[in-house]
Structure formats: structure tokens, C-alpha cells
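In case it helps, the working numbering puts the sequence shown at residues 14 to 89.
We put the beta carbon where it would ideally sit given N, CA and C, even for glycine.
What follows is a single structure, written as C-alpha cells, with notes after it.
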Amino acid sequence: MDKIQENMLGEALKYAELGFSIIPVSRDKTPLIQWKEFQTRRATKDEIKSWFEQFPDMNIGVVTGSISGVIVIDVE
Numbered sequence: 014m015d016k017i018q019e020n021m022l023g024e025a026l027k028y029a030e031l032g033f034s035i036i037p038v039s040r041d042k043t044p045l046i047q048w049k050e051f052q053t054r055r056a057t058k059d060e061i062k063s064w065f066e067q068f069p070d071m072n073i074g075v076v077t078g079s080i081s082g083v084i085v086i087d088v089e
């Protein structure tokens, strides 16, 4: 794992510790996993670490709604 990946992993774990439900997403924000279950449960640290091994170029997505306590309004 290179330095960028280590930093991203560290940030993902921080988000999880803050109570956010996170998932791996591609650079175009497409989920890299089946993510519906993460609307009702948060990923474990081991799951998050395994995603970084499985998807080395992943970005971090936050599942919005009550699981993370975040609401998004998209105005165009």
C-alpha cells in the first residue's frame, strides 16, 4: 500500500469512527460493492481495510440518511 492509499485508509477509518456508513466507490462515484446493506449497518474496520486491498484506487463514499446522520439536497 502506497502513502496515498494509507492516507485514504486512515481517513476512511476516521469517517467510520465518527459514525458515517462508508462504502468504496470508483472515481466516477459508482459503488464498487452491493451497498444496500450499508443503509442499515456500518462496515467493520476489517471490511474497510479489505476494500482498500481489493480496490486500490477506490474513493470513499458516505451512505447518506439516518445511518450516517447526513441529508443531502442536490440543487441544479
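What residues match up with residue i in a beta bridge as DSSP calls it?
i: G74; result: I36
i: T83; result: According to the sequence as given, residue 83 is Val; it is not Thr. V83 is bridged to G78.
Write down the C-beta distance between residue i and residue j rounded to the nearest angstrom, noting that I regard them as a contact closer than 8 Å.
i: V75; j: V83; result: 6 Å
i: F68; j: M14; result: Not quite, the Cβ-Cβ distance comes to about 12 Å (not below 8 Å), so this is no contact.
Measuring alpha carbon to alpha carbon, tell me which residue in the options is nearest residue i.
i: T43; options: M71, G78, V85; result: M71
i: F146; options: T57, N20, L45; result: This structure cannot settle anything about residue 146, because the visible part of the chain is limited to 14 through 89.
i: T77; options: N20, I36, L22; result: I36
i: R40; options: I73, D15, E24; result: I73
i: R54; options: I80, W64, E24; result: I80
i: N20; options: I46, K62, V85; result: K62
With respect to the alpha helix (DSSP H) encompassing residue i, which residues constitute its N-terminal and C-terminal limits?
i: S63; result: 58-67
i: Q18; result: 16-30
Decide yes or no for the touch test of the stretch 45-54 against the stretch 22-29: beta carbon pairs closer than 8 Å, at least 3 of them. Judged by Cβ distances under 8 Å, the stretch 45-54 makes no contact with the stretch 22-29, as fewer than three pairs qualify.
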